[in-house]
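Take 289 as the starting number for the sequence shown in this note's numbering and just add one per residue.
In what follows, a structure is listed as structure tokens, so that the remarks can point back to it.
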Amino acid sequence: MRNIFLSSLLFATVTLSAQKKADTKKAQIVEASCGQCQFGLKGKGCDLAVKIGDKAYYVAGTSIDDHGDAHASDGFCEAVRKALVTGKVVDDRFVATSFKLLPEATK
């Protein structure tokens with residue numbers, strides 16, 4: 289009986305550890321912009337979104353106003369920018385654990 293208990297406990301620990309690792313995303317470079325103005329998402333006002341592959345997601349964990357004036361010539365409502373992010377998609381929303389806006393490419 290003790291061996292069954294220990295085996296079950298070991299299995300549960302390994303399973304939880306694997307799930308935790310699967311939930312952690314590596315850093316990736318994505319397009320970032322205003323979801324409504326640039327990515328055509330439905331909403332009421334200007335909100336930060338990222339595009340991963342061909343799909344855009346609103347962002348939780350940081351806001352459009354945390355990254356400068358959204359309506360400036362290089363702001364999210366006027367331009368699509370690149371960002372280095374970590375996080376995961378939860379319920380059709382990108383939950384950011386880090387979000388770093390990358391410098392614009394020089395022309």
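C-beta atoms are modelled at their ideal positions from N, C-alpha and C, and glycine is treated no differently.
Residue range of the unbroken beta strand (DSSP E) whose run includes threonine 374: For threonine 374, the enclosing beta strand (DSSP E) starts and ends at 369 to 378.
Sheet register partners of cysteine 322 (DSSP bridge): For cysteine 322, which the question treats as bridged, DSSP gives the partners Leu336.
Range covered by the beta strand (DSSP E) that runs through phenylalanine 387: Run containing phenylalanine 387: 381 to 389, per the beta strand (DSSP E) assignment.
Start-to-end residues for the beta strand (DSSP E) that takes in lysine 314: Lysine 314: not part of any beta strand (DSSP E); DSSP gives it neither H nor E.
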